[in-house]
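Worksheet: one structure, shown below.
Residue numbers (the working numbering): -17 to 244.
Take a look at the structure:
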């Protein structure tokens, strides 16, 4: 007959080793001192004690590089067609003839890409972002605004030589040469786009942020439509500026993200 005790069951010597590890380690994963067989369990924890991470997979950097590569390749393709007078220009001319219809509305929309209108909007955003960053004690509070100003200065530095290189003739409404890429479209895209990127971090409401991004898109599309509708630019002049400015704005966005991480 086994002995009967009224108290709580007692652990017998040696039985607990099956749960705590034979060598006295307190690892709950194995009953002996051998290393775990799973890759995740075998990796050491990170500096703050979390278990090892999964193997690296393509993430945001690869995605952003792809986003930069696509507009850059499109811009190179369009520029090559303009320089070589390729077949894409025949399609461009037919689209232009179908869209050209000068009126006051198209002229007003195109004027939103004037330096006198777009650059002051950017200046206000530069001052606002610098003021907010300085008020919160941010290191190098002036750097995002300074980078946006440099980005705006890159527009004529890039567009003017490209106009001279391609020497594309204008439309019947706007004779002359040097129309590719569209300077008004580039001015609007960079000025309003950089202003949007500077102001977005200081807006708390998601609805307001989405509204601001939508307004930016409508402004650039309005300027682009006005230029083509008025006959001041070919459609490819506008599309080429979109591609160029997309590369510049994505680079600016990556720069701001790097500052945030620091």
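We put the CB at the ideal spot given by N, CA and C, even for glycine.
Just tell me which of 49, 64, 58 has its CA closest to the CA of residue 160.
64
Identify the continuous alpha helix (DSSP H) that holds residue 231 and give its terminal residues.
217 to 243
Return helix, strand or coil for residue 118, following the three-state DSSP convention.
coil
Confirm, please, whether the CB-CB distance from residue 69 to residue 256 is below 9 angstroms.
In the structure as shown, the chain starts at -17 and stops at 244, and residue 256 therefore has no counterpart that could be examined.
Flag this pair as touching only if the segment 146 to 163 and the segment 94 to 103 have three or more C-beta atom pairs under 8 angstroms; answer yes or no.
no
Less than 9 angstroms between the C-beta atoms of residue 221 and residue 108, yes or no?
no
Going by the CB atoms, is the gap between residue 100 and residue 173 shorter than 9 angstroms?
yes
So what does DSSP say about residue 163, is it helix, strand or coil?
coil
Just how far apart, CA to CA, sit residue 227 and residue 117?
Looking at the two C-alpha atoms, the distance is approximately 31 angstroms.
What first and last residue would you give for the alpha helix (DSSP H) that runs through residue 138?
125 to 148
Can you grab the Cα-Cα spacing for the pair residue 170 / residue 66, in whole Å?
28 angstroms
Can you have a look at residue 215 and say buried or exposed, based on whether 16 or more other CB atoms are within 10 angstroms of its CB?
So residue 215 ends up on the buried side.
Are at least three pairs of beta-carbons, each pair with one atom in the segment 71 to 87 and one in the segment 139 to 156, less than 8 angstroms apart?
When Cβ pairs closer than 8 angstroms are counted between the two stretches, the segment 71 to 87 is seen to touch the segment 139 to 156, the count reaching three or more.
Of the choices 62, 105, 184, 86, whose alpha-carbon is the least far from that of residue 135?
Out of 62, 105, 184, 86, 105 has the C-alpha closest to the C-alpha of residue 135.
Within the present structure, is the beta-carbon of residue 229 separated from the nearest heavy atom of the ligand GTP by less than 8 angstroms?
Among the components modelled here there is no ligand, and therefore nothing to report on the ligand GTP.
Check the DSSP bridge columns for residue 151 and list the partner residues they point to.
BP columns for residue 151 point to 159.
Report buried or exposed for residue 24, applying the criterion of at least 16 other Cβ atoms within 10 angstroms of its Cβ.
Reliability fails at residue 24, whose pLDDT of 46 lies under 50, so the model's placement of it is uncertain and the value that follows must be treated cautiously. Flag for residue 24 reads exposed.
Own chain, CB closer than 8 angstroms to residue 110, minus 5 neighbours either side, in chain order:
180, 181, 184
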